[in-house]
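Asks: My questions will all concern the structure given below.
There are 2 protein chains.
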Amino acid sequence: MIAEILATGDELRTGALVDSNSAHIAEALLHNGVDVARHLTVGDDMDMLVTVIGEIAARADLAVVTGGLGPTQDDLTAEALARAAGVPLVEDARALADIELFFSRRNRPLSPSNRKQALLPQGADILYNPVGTAPGFRLRLGRCFFYCLPGVPFEMSRMLAEQVLPHVRELQGPARFYLIRTLACFGLPESVVGEKLAALNNHFQTIKLGLRAKFPEIQVKLYLDCDDRPQGEALLESAAAWVAERLGANLFSRQGDSMSATIGRLLKEAGATLALAESCTGGLIANWLTDTSGSSDYFLFAAVTYADAAKQAILGVPAQTLAQHGAVHERTAEAMAQGVRRVAGSTYGLATTGIAGPGGGSEQKPVGTVCIALAGPGGFSYSRRFHFTYGGRLMNKQLFAMSALDMLRRKLRGEPLS
Amino acid sequence: MIAEILATGDELRTGALVDSNSAHIAEALLHNGVDVARHLTVGDDMDMLVTVIGEIAARADLAVVTGGLGPTQDDLTAEALARAAGVPLVEDARALADIELFFSRRNRPLSPSNRKQALLPQGADILYNPVGTAPGFRLRLGRCFFYCLPGVPFEMSRMLAEQVLPHVRELQGPARFYLIRTLACFGLPESVVGEKLAALNNHFQTIKLGLRAKFPEIQVKLYLDCDDRPQGEALLESAAAWVAERLGANLFSRQGDSMSATIGRLLKEAGATLALAESCTGGLIANWLTDTSGSSDYFLFAAVTYADAAKQAILGVPAQTLAQHGAVHERTAEAMAQGVRRVAGSTYGLATTGIAGPGGGSEQKPVGTVCIALAGPGGFSYSRRFHFTYGGRLMNKQLFAMSALDMLRRKLRGEPLS
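Shown next as structure tokens:
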């Protein structure tokens with residue numbers, strides 16, 4: 021089965037926006053046994069769209085199209101498919117009802133341009149959009165099924181999973197299973213991870229290894245094409261255990277969970293709570309932790325103390341510590357961690373203070389320097405200075421935040437602190 | 021001049037890696053007056069490469085190709101170009117000398133597979149790689165110039181800037197300019213923004229309008245293809261003013277700045293400082309604000325008070341207010357805003373308390389409810405309850421955070437509070 025992906029939109033064509041949808045779709049199709057041959061991106065241009073739709077229809081058995089389903093004039097996908105198929109656009113009663121329901125539920129009036137979104141090529145099957153106003157649709161041109169989805173990633177991914185992939189699996193016929201297992205590690209360069217895992221195929225010939233830098237973590241992906249799902253899953257489990265052993269304490273999830281979800285699970289298992297004192301990370305750690313639903317069970321409080329005055333007033337960092345060592349120092353970080361733990365009454369206090377840049381560096385404390393401290397029960401206190409040389413402010417914030425959470429993770433798992 | 025981009029590699033084709041190179045190249049070409057018509061991605065497959073190179077040569081005047089120049093067996097770009105052009109591969113003396121120099125400078129031995137990298141299609145011009153072992157090359161097929169670059173982003177971008185773009189500018193002849201102006205608004209659905217701006221082309225025939233939902237903001241993009249840069253920029257300025265008038269107080273930047281950068285500029289202009297009390301936003305506002313370098317000038321402190329106990333202990337929210345109204349209420353938000361302003365000694369205090377979901381909602385206070393309060397000098401206090409119905413936890417956090425910053429922005433600009 022030949023599959024292609026067509027991403028549409030001037031913002032993609034001109035490079036104003038990086039296309040992450042196509043990679044997501046390619047991976048999801050691969051997971052369902054369909055290998056994508058080409059990705060194509062064109063702009064909001066009717067002639068170009070009609071041309072490439074015709075080309076794809078002549079080559080492929082299925083195509084996933086993203087973008088161009090919105091309410092505005094430069095949303096051309098439905099009309100382009102209709103022209104390529106030589107059919108008129110017709111107002112779809114179900115599509116209109118869905119759109120009307122979306123607006124009435126939100127007490128918003130239906131605008132004429134939203135009504136345009138109910139116009140679909142004659143013969144198309146609507147793909148319901150549970151989270152937006154733009155319905156998608158499926159249309160067959162010759163032997164090729166076109167699945168047209170919105171360009172908004174979370175709408176696209178939900179409709180792909182719920183409505184496109186089940187249909188693709190039906191087309192597929194006799195079952196093959198394309199299994200993917202994701203593991204996540206932190207603290208090793210990608211090249212070192214690659215070297216540590218280079219012998220994988222000596223032990224597991226049928227498993228394909230992929231490394232993906234999802235900054236600041238490295239994801240290890242194991243791909244398996246098999247005809248028996250339980251057998252395949254057992255083989256992936258063995259391979260995951262082999263990878264885990266090779267990566268040791270740098271591996272933080274065998275299931276591809278995020279660091280903050282991993283921390284949440286470990287804190288819950290320990291019946292422990294956490295408070296944060298963030299300086300250079302500026303609220304990023306708190307933001308990550310609270311992205312996980314239910315985080316209020318273990319996350320009590322964060323103080324983002326950018327100013328020294330706040331470090332003293334809120335956290336009780338002694339003026340003398342700041343005067344003697346400065347804001348970026350292990351002793352200051354320890355006082356912050358102990359202070360926030362005391363103020364919040366939490367099991368653990370975790371603190372960051374450093375220089376994310378681009379300004380504020382010095383010879384002794386260059387940009388990329390961070391001091392991280394962890395305070396815990398029974399007078400436990402640990403701190404360490406890191407120095408990262410990767411790059412800009414946002415990358416430094418992420419490295420600092422990840423290093424802090426990794427320190428807590430190692431403590432909770434009883435592993436050597438990095 | 022018709023331009024296309026071809027990204028090669030199985031890791032892109034299968035979705036293991038998101039292709040950011042093509043967007044970078046498209047934007048760089050656009051800034052040099054070349055509008056890219058298509059982006060194409062295919063895997064490491066000789067027949068497919070030869071086929072698409074032939075297709076591109078028949079359509080385009082120039083093509084930038086990335087990937088497939090490395091030392092391994094699945095690096096096929098040079099051979100695919102040679103086959104498509106019907107010429108042999110020949111060892112290029114300059115390319116070999118460059119590779120030998122790269123290795124000798126690093127005291128590393130030259131492997132036979134690296135020597136393969138000096139094989140270029142006959143008639144190609146080498147593109148020197150100052151930062152890696154893979155040289156690129158330029159080859160003409162028919163009327164189309166192919167520029168082949170490595171897939172490693174920092175090697176690609178440097179060679180593009182230093183060796184490809186100067187040649188493209190030579191090809192271009194008389195200068196044309198492709199100007200882009202970005203404006204940003206918040207608080208209107210994309211369809212309403214589209215309707216408000218539908219008449220743009222009645223006033224500015226040569227400007228192309230694009231809307232881009234960069235959740236939770238909407239970006240308005242104005243594109244202009246012109247032959248006189250100052251004239252073009254003046255026209256875009258007029259069009260930007262027209263858009264600004266139509267969008268009113270919902271427009272927060274005429275330059276495409278982020279909301280947090282806009283807030284930073286306004287606070288600096290006012291000589292004012294800010295402290296945050298974040299409950300449901302969980303540190304997201306602080307994280308956004310501290311993404312901007314120099315934010316320590318105006319951002320003093322954030323208290324992420326997930327637990328009620330922290331709201332009382334840190335912010336001095338009266339127990340009675342919490343008992344009477346609950347954590348999610350305008351009075352509680354006001355007490356949080358006033359409390360954090362007092363604790364931090366800041367000009368403004370901004371507070372959020374709400375229900376991001378998926379759990380925690382009730383009939384009176386469903387998921388998506390947020391109370392936002394702003395406290396300022398002279399006893400200023402304002403609060404409002406919002407109810408969003410868009411979707412999941414992460415989107416709610418973003419909408420809550422954006423609404424809070426927008427309240428402060430309107431106050432700082434003397435506009436009606438939403």
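One line per chain: the protein sequences are A and B, in this order.
When we follow my numbering, the leftmost residue of the first sequence carries the number 21, and every step to the right adds one.
When we follow my numbering, the leftmost residue of the second sequence carries the number 21, and every step to the right adds one.
Even for Gly, the Cβ is constructed at its ideal location relative to N, Cα and C.
These numbers come from a predicted model, not from an experiment.
Of all the options A:ILE392, A:LYS431, A:GLY412 and A:LYS417, which has the alpha carbon lying nearest to the alpha carbon of ARG405 of chain A?
Replies: When only C-alpha atoms are compared, the closest one is A:ILE392.
Asks: For LYS234 of chain A, does the three-state DSSP call read helix, strand or coil?
Replies: Correct three-state label for LYS234 of chain A: strand.
Asks: Under 8 Å, do LEU191 of chain B and ALA104 of chain B count as touching if we go by C-beta distance?
Replies: Going by C-beta atoms, LEU191 of chain B is not nearer than 8 Å to ALA104 of chain B.
Asks: Any Cβ of chain B within less than 8 Å of the Cβ of MET176 of chain A?
Replies: So, not an interface residue.
Asks: Just to confirm, is the Cβ distance from GLN137 of chain A to ILE119 of chain A under 8 Å?
Replies: Yes. Within cutoff.
Asks: Would DSSP call LYS431 of chain A helix, strand or coil?
Replies: In the structure shown, LYS431 of chain A sits in a helix (DSSP, three-state: H, G or I).
Asks: Which residues in chain B have a C-beta closer than 7 Å to the C-beta of VAL151 of chain A? List them in chain order.
Replies: Under the 7 Å cutoff, chain B gives GLY411.
Asks: Count the other C-beta atoms from every protein chain shown that fall within 10 angstroms of the C-beta of SER211 of chain B, then say buried if there are 16 or more, exposed otherwise.
Replies: It is buried - the Cβ of SER211 of chain B has at least 16 other Cβ atoms within 10 Å.
Asks: Under 7 Å Cβ to Cβ from GLU111 of chain A, same chain only, skipping five residues before and after it: list those, please.
Replies: Around GLU111 of chain A: ALA138 and LEU139.
Asks: Per DSSP, which residues does TYR198 of chain A bridge with? Please list them.
Replies: TYR198 of chain A is bridged to A:ASP245.
Asks: Taking 8 Å as the CB-CB limit, is LEU69 of chain A close to chain B?
Replies: Output row for LEU69 of chain A: interface = no.
Asks: Taking ALA83 of chain A as the reference, give the member of A:MET21, A:LEU89, A:MET66 and A:SER124 with the closest Cα.
Replies: Ranking A:MET21, A:LEU89, A:MET66 and A:SER124 by Cα distance to ALA83 of chain A puts A:MET21 first.
Asks: Count the C-beta pairs between the region 57-66 of chain B and the region 90-101 of chain B that are closer than 8 Å, then say yes if the count reaches three, no if not.
Replies: A contact exists between the region 57-66 of chain B and the region 90-101 of chain B.
Asks: Check the Cβ-Cβ distances between ILE45 of chain B and every residue of chain A, and say whether any is below 8 Å.
Replies: True, the Cβ-Cβ gap to chain A drops below 8 Å.
Asks: Does the region 339-358 of chain A come into contact with the region 411-431 of chain B, if we say contact requires no fewer than three beta-carbon pairs (one atom in each stretch) closer than 8 Å?
Replies: Counting Cβ pairs under 8 Å, fewer than three are found: no touch.
Asks: Does the CB of TYR326 of chain A have a neighbour CB from chain E at under 8 Å?
Replies: Although the question refers to chain E, the structure presented lacks it and instead comprises the protein chains A and B.
Asks: Measure from the alpha carbon of LEU60 of chain B to the alpha carbon of each residue in B:LEU26, B:GLY74 and B:GLU31, then state which is nearest.
Replies: Checked all of B:LEU26, B:GLY74 and B:GLU31; the closest Cα to LEU60 of chain B is B:LEU26.
Asks: Within 10 Å of its beta-carbon, does THR153 of chain B have 16 or more other beta-carbons around it, so buried, or fewer, so exposed?
Replies: Label assigned to THR153 of chain B: buried.
Asks: Here's a check: name, in chain order, each residue in its chain whose Cβ is nearer than 8 Å to the Cβ of GLU31 of chain B, leaving out the five neighbours to either side.
Replies: Taken in chain order, the residues that qualify are LEU37.
Asks: Give me the residue from B:VAL54, B:LEU394, B:LEU130 and B:GLY314 with the minimum Cα distance to THR372 of chain B.
Replies: Nearest C-alpha to THR372 of chain B: B:LEU394.
Asks: Strictly under 8 Å for the Cβ-Cβ distance: is ARG119 of chain B near chain A by that measure?
Replies: This sequence places Ile at residue 119 of chain B; Arg is not what is there. Not one chain A Cβ lies under 8 Å of ILE119 of chain B.
Asks: 8 Å is my cut-off, CB to CB: does ASN307 of chain A come that close to chain B?
Replies: Closer than 8 Å: yes.
Asks: Please confirm whether any heavy atom of the ligand GDP lies closer than 7 Å to the CB of ALA364 of chain A.
Replies: The ligand GDP is absent from the structure shown, which contains no ligands of any kind.
Asks: Given this structure, state the Cα-to-Cα distance separating GLY336 of chain A from ALA357 of chain A, to the nearest angstrom.
Replies: Taking the straight line from one Cα to the other gives about 10 Å.
Asks: Exposed or buried, what is PRO236 of chain A when buried is set at 16 or more other beta-carbons lying within 10 Å of its beta-carbon?
Replies: It is buried - the Cβ of PRO236 of chain A has at least 16 other Cβ atoms within 10 Å.
Asks: Should the region 220-229 of chain A be regarded as contacting the region 166-180 of chain A, the criterion being three or more beta carbon pairs within less than 8 Å?
Replies: Result no; under three Cβ-Cβ pairs closer than 8 Å.
Asks: Per DSSP, PRO141 of chain B forms a beta bridge with which residues?
Replies: In DSSP, PRO141 of chain B forms a bridge with B:LEU109.
Asks: Determine which residues share a DSSP beta bridge with ARG163 of chain A and list them.
Replies: ARG163 of chain A is not bridged to any residue.
Asks: Between the region 260-287 of chain B and chain A, which residues of the former have a C-beta closer than 7 Å to a C-beta of the latter?
Replies: From the region 260-287 of chain B, no residue has a Cβ closer than 7 Å to chain A.
Asks: Listed in chain order, which residues of the region 83-108 of chain A have Cβ atoms closer than 8 Å to some Cβ of chain B?
Replies: Listed by position along the chain: GLY90, PRO91, THR92, GLN93 and ASP94.
Asks: Report the neighbours of LEU414 of chain A on chain B: residues whose CB is nearer than 8 Å to its CB, in chain order.
Replies: Residues of chain B passing the Cβ test: ASP311.
Asks: Do ASN307 of chain B and ASN307 of chain A count as a contact pair if the criterion is CB distance below 8 Å?
Replies: The answer is yes: Cβ separation under 8 Å.
Asks: How would you list, in chain order, the residues of chain B whose beta-carbon sits under 9 Å from the beta-carbon of PHE319 of chain A?
Replies: Those are GLY302, VAL324, TYR326 and ALA327, listed as they occur along chain B.
Asks: In this structure, does DSSP put THR226 of chain A in helix, strand or coil?
Replies: Here THR226 of chain A sits in coil by DSSP.
Asks: What are the boundary residues of the alpha helix (DSSP H) that includes GLY374 of chain A?
Replies: Where GLY374 of chain A is concerned, there is no enclosing alpha helix (DSSP H), although the beta strand (DSSP E) it sits in stretches over 368-374.
Asks: If you reduce the DSSP assignment to three classes, tell me which class GLY90 of chain A lands in.
Replies: Coil.
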